[in-house]
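Notes follow the structure.
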Amino acid sequence: MFADDDRPKPQPEIVIGADLSAISIEELEKRITILEGEISRLREEIVSKQATKASAENFFKS
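This is the structure in structure tokens:
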């Protein structure tokens, strides 16, 4: 059984528009890092979907 200090801490849920006044500077910086990573992931997915769409459009034009 784990001691309380040994348990991994769950990632806090990030709620868009939530009150930020009680959150520490360090936590805000962590959230920025997490959200920037998610933005990058979303942009990569958009590029992938655009390439797939263009490929399909070219296939059906032939």
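Oh and the sequence shown: position 32 is 31 in numbering that gives the first Met the number 0, straight run, nothing missing.
All residues carry an ideal CB built from backbone N, CA and C; glycine is no exception.
Start-to-end residues for the alpha helix (DSSP H) that takes in residue i
i	result
A50	24-60
Contacting residues, own chain, Cβ-Cβ under 8 Å from residue i (five flanking each side not counted)
i	result
F4	It should be pointed out that residue 4 corresponds to Asp in this sequence rather than to Phe. Within the same chain, D4 has no close Cβ partners at all.
E28	none
Cα-Cα separation, residue i to residue j
i	j	result
V14	A21	14 Å
E56	L41	22 Å
S39	I33	10 Å
S23	T51	42 Å
E37	K60	35 Å
I45	A53	12 Å
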